[in-house]
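First to last, the sequence lines map onto chains H and Y. According to the working numbering, the first sequence is numbered sequentially starting from 110. According to the working numbering, the second sequence is numbered sequentially starting from 7. C-beta: ideal position from N, C-alpha, C; glycine also. In this text the structure is predicted, and so the values were computed from the model without any measurement. The structure under discussion appears below in the form of structure tokens.
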Amino acid sequence: MRCEPGDTPLIRTTGFLVLVAGALLSFLPFFWMVGTSLKQLSETTASPPIWWPSSPQWHNYPQAINDMRHFWLYLANTLVICALTVTGSVLSSAVVAYGFSRINWPGRDKVFLVLLAGMMIPGAVSIVPLYSLYRHLDWIGTFKPLWVHSFLAPAFFVFLLRQFFLTLPKDLNEAARIDGCSEWRIFWQIILPLSRPALAVVALFQFMGSWNDFFGPLIYLNDPKTFTLSLGLQNFQSQHGGTQWNYLMAAAVLVTMPVVILFFLCQKTFTEGIATTGTKN
Amino acid sequence: MKNRRLWLGLAFISPWVVNFCVFTIYPLISAIYYSLCDYCVLTPAYFVGMRNYTDMASDHLFWLALVNTLIFAVIYLPLSIGAALFLALLLNLRIPAQGLLRTIYFLPTIVPAVCLAVVWQWLLHGDGGLVNILIDPVLQTCNGIFGTHLEPPNWLAQPGSARVALVFASLWTLGNTVLIFLAALRDVPTHLYEAAEIDGASHLQKYLHITLPSISPVIFFIIISGLIGVMQTFAVPYVLANGTDGPGRSLLFLSTYIFQNAFQYWSMGYACALSLVLFLLILILSLTMMRLSAKRIYSAAD
Numbered sequence: 110m111r112c113e114p115g116d117t118p119l120i121r122t123t124g125f126l127v128l129v130a131g132a133l134l135s136f137l138p139f140f141w142m143v144g145t146s147l148k149q150l151s152e153t154t155a156s157p158p159i160w161w162p163s164s165p166q167w168h169n170y171p172q173a174i175n176d177m178r179h180f181w182l183y184l185a186n187t188l189v190i191c192a193l194t195v196t197g198s199v200l201s202s203a204v205v206a207y208g209f210s211r212i213n214w215p216g217r218d219k220v221f222l223v224l225l226a227g228m229m230i231p232g233a234v235s236i237v238p239l240y241s242l243y244r245h246l247d248w249i250g251t252f253k254p255l256w257v258h259s260f261l262a263p264a265f266f267v268f269l270l271r272q273f274f275l276t277l278p279k280d281l282n283e284a285a286r287i288d289g290c291s292e293w294r295i296f297w298q299i300i301l302p303l304s305r306p307a308l309a310v311v312a313l314f315q316f317m318g319s320w321n322d323f324f325g326p327l328i329y330l331n332d333p334k335t336f337t338l339s340l341g342l343q344n345f346q347s348q349h350g351g352t353q354w355n356y357l358m359a360a361a362v363l364v365t366m367p368v369v370i371l372f373f374l375c376q377k378t379f380t381e382g383i384a385t386t387g388t389k390n
Numbered sequence: 007m008k009n010r011r012l013w014l015g016l017a018f019i020s021p022w023v024v025n026f027c028v029f030t031i032y033p034l035i036s037a038i039y040y041s042l043c044d045y046c047v048l049t050p051a052y053f054v055g056m057r058n059y060t061d062m063a064s065d066h067l068f069w070l071a072l073v074n075t076l077i078f079a080v081i082y083l084p085l086s087i088g089a090a091l092f093l094a095l096l097l098n099l100r101i102p103a104q105g106l107l108r109t110i111y112f113l114p115t116i117v118p119a120v121c122l123a124v125v126w127q128w129l130l131h132g133d134g135g136l137v138n139i140l141i142d143p144v145l146q147t148c149n150g151i152f153g154t155h156l157e158p159p160n161w162l163a164q165p166g167s168a169r170v171a172l173v174f175a176s177l178w179t180l181g182n183t184v185l186i187f188l189a190a191l192r193d194v195p196t197h198l199y200e201a202a203e204i205d206g207a208s209h210l211q212k213y214l215h216i217t218l219p220s221i222s223p224v225i226f227f228i229i230i231s232g233l234i235g236v237m238q239t240f241a242v243p244y245v246l247a248n249g250t251d252g253p254g255r256s257l258l259f260l261s262t263y264i265f266q267n268a269f270q271y272w273s274m275g276y277a278c279a280l281s282l283v284l285f286l287l288i289l290i291l292s293l294t295m296m297r298l299s300a301k302r303i304y305s306a307a308d
């Protein structure tokens, strides 16, 4: 017997129709974005509107890449930063999360509360102090401000991984300790291999975070050759925006496409990861 | 043995200890210090006492940024959370193509903020923008029937419509929240619904007395994290307004103003003072929310 509320044919049908209408609205911007990217300039503002160009202008894409000037450099820069931050976040937060979940040391949970409290402090507070610190280190204009901190266990990922490590049976550690395994080997050879799904979530979130980051590159990078894709796109928009919408949309598609593909490749990791962030506390 | 475990534990968490000292404690303390200084990065900070704070009290741009931020939060948070909950409730019904619908709602949330803003700038454009193409027939019909003279606005050119435009663009990404609500709804124990069914409860009663209380901790989590996020809005309005603060400064938010002071006027001390005010504001609002909702959150332990 199904007793969940709203489980009547009438509510289900109406609900379904509302959802379909909402989904169409939600999908429309993607359609318009790709459609515009394939139009001739005159077609972008044609009246009546052209929904889909009759002869798609595929050359808009190479043209947009050309107009962005350093597109391939932006891509390479973004990928380098992503690779560094993903490696750093996954390794360092796993080590720290292990210390917060699999070793029982006095005061552990109190220190963890400090970690949680630290997450409440908005990033805006540290902008100026960190900028001036990086200036002293002569890091402005380099990638270092964008990746070094990821090797120091970002609190949010420690939190996520700790939740996961706590669900693994305690006996794993006990048995290995009796066998004389060092703590580091237990971590490296037993716990980490068992935690692949959770590590994948961290890797994915960090990748998305670095790929999408705008504020960091905006304040720390000053030479266009060091720009990331997000910053490069914004730069392109502020120089050529407002007129050549077809090229701008082509550029936006190019910056969005990799993450969309990534999403479809690891949809399960995504949805489970998001669900975890909300429910497990 | 106990001592050994202590050192072992500390060794494992040491990366985070460094992180906490360098990226949390140090910035917090030095932000407090800089906020009492005249500081432009190029020359050493010069202590001026409370002047940044007294300046702030009479700085109408600060008050404007504060009001803009609060208005955006008050409009956007309830709207986005309400809509996300509504969509999650619908998606939780036994309907066809559930997975596909979920995917479509989630897809916009992975679009990079800059892309999102660039795309919405085009969608909202006065000349050829999709939003106006869609609402134009509606307005024309209205004009025909009621004899009004409604014209589709040039969204990003006027203060009022620019604020509405930002809400539209931001609402596009509520799929994240939908997914979290959906996961929470799946965890509501079915036996509660069965018991209510036997007692003859209506659908609405089940929603109000079982569903909502069961997911209230998640709603609370969403409100607090949404609040912290919305108070720090920066990238989308900044790019929507072409790197400015919008028509009539309508898209000037506290984060925008902190950014302008720090990196355009190089008033780093003032920027620090602003960021600490933002921090206090978030703290007070979160604590108030916690107070207000403490009694309303159902916990399974009770």
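Supposed close pair residue i, residue j - CB separation, criterion 8 angstroms
i	j	result
Y/Tyr276	Y/Asp61	7 angstroms
H/Ala173	H/Leu363	7 angstroms
Y/Asn149	Y/Leu156	6 angstroms
Y/Gly232	Y/Leu83	5 angstroms
H/Val368	H/Trp320	6 angstroms
Y/Gln238	H/Ala233	6 angstroms
H/Met229	H/Phe345	Not really, about 36 angstroms apart at Cβ, beyond 8 angstroms.
H/Leu214	Y/Arg11	The residue you asked about is not Leu; residue 214 of chain H is Trp in the sequence shown. Contact holds; Cβ gap of about 5 angstroms.
Residue i versus residue j - alpha carbon distance
i	j	result
H/Asn331	Y/Ile38	27 angstroms
H/Pro171	Y/Leu260	39 angstroms
H/Phe273	H/Gly382	11 angstroms
Y/Arg100	H/Phe260	44 angstroms
Y/Leu198	Y/Phe285	41 angstroms
Y/Gly181	Y/Thr115	6 angstroms
H/Trp293	H/Leu182	39 angstroms
H/Thr123	H/Asp116	11 angstroms
H/Ile328	H/Pro158	39 angstroms
Y/Ala307	Y/Leu172	The predicted position of Y/Ala307 is uncertain, since its pLDDT is 45 and thus under 50; a value taken from the coordinates is nonetheless stated next. The alpha-carbon atoms of Y/Ala307 and Y/Leu172 are separated by roughly 41 angstroms.
H/Lys389	Y/Ile19	Here H/Lys389 scores only 47 on pLDDT, less than 50, and its place in the model should not be relied on; the value that follows carries that caveat. For H/Lys389 and Y/Ile19, the distance between alpha carbons rounds to 22 angstroms.
H/Phe252	H/Lys334	12 angstroms
Y/Val283	Y/Leu34	12 angstroms
H/Pro278	H/Ala284	11 angstroms
Per-residue contacts from residue i into chain Y (C-beta, under 9 angstroms)
i	result
H/Asp86	A question about residue 86 of chain H goes unanswered here, because the residues of chain H that appear run from 110 up to 390.
H/Ser241	Ser36, Tyr40, Tyr45, Val47, Ala51 and Met274
H/Phe372	Thr109, Phe112, Leu113 and Ile116
Beta-carbon proximity list for residue i, same chain, < 8 angstroms, skipping 5 on both sides
i	result
Y/Val184	Ala90, Leu93, Ala94, Leu97, Arg108, Tyr111 and Phe112
H/Ala361	Met142, Ser146 and Leu342
H/Gly250	Tyr329, Leu330, Asn331, Asp332 and Thr335
Cβ neighbours of residue i in the same chain (closer than 6 angstroms, five flanking residues each side left out)
i	result
Y/Ala119	Ala241 and Val242
H/Val195	Ala312, Gln315 and Phe316
Y/Ser167	Pro159 and Trp161
Y/Asn74	Leu258 and Phe259
Y/Trp178	Pro114
Y/Asn138	Pro158
Proximal chain Y residues relative to residue i, where beta-carbon distance stays under 7 angstroms
i	result
H/Asn213	Arg11
H/Tyr207	Phe18
H/Asn321	Pro118 and Ala119
H/Glu292	Leu14
H/Phe339	What sits at residue 339 of chain H in the sequence shown is Ser, not Phe. Within chain Y, the residues near H/Ser339 are Pro118 and Val120.
Cβ-based burial, residue i [other Cβ within 10 Å; buried from 16]
i	result
Y/Tyr271	exposed
H/Asp322	buried
H/Val204	buried
H/Thr276	exposed
Y/Ile264	buried
Y/Thr49	exposed
H/Glu113	buried
Y/Ile151	exposed
H/His258	buried
H/Lys148	buried
H/Met366	exposed
H/Asp218	exposed
Residue i: contacting residues in chain H (beta-carbon distance under 8 angstroms)
i	result
Y/Trp128	Trp141, Met142, Thr145, Trp354, Leu357 and Met358
Y/Tyr213	Pro114 and Gly115
Y/Thr217	Pro114
Cβ neighbours of residue i in the same chain (closer than 7 angstroms, five flanking residues each side left out)
i	result
Y/Cys43	Ala51, Tyr52, Phe53, Val54 and Gly275
Y/Gly135	Trp128 and Leu129
Y/Leu291	Leu233
H/Phe372	Phe379
Beta-carbon neighbours of residue i, restricted to chain Y and to distances below 8 angstroms
i	result
H/Pro138	Pro114, Val125, Trp126, Leu129, Leu136 and Trp178
Interface residues of chain H facing residue i [CB-CB closer than 7 angstroms]
i	result
Y/Thr30	Gly227 and Ile230
Within-8 angstroms CB hit, residue i to chain C
i	result
H/Ile328	The structure shown contains no chain C; its protein chains are H and Y.
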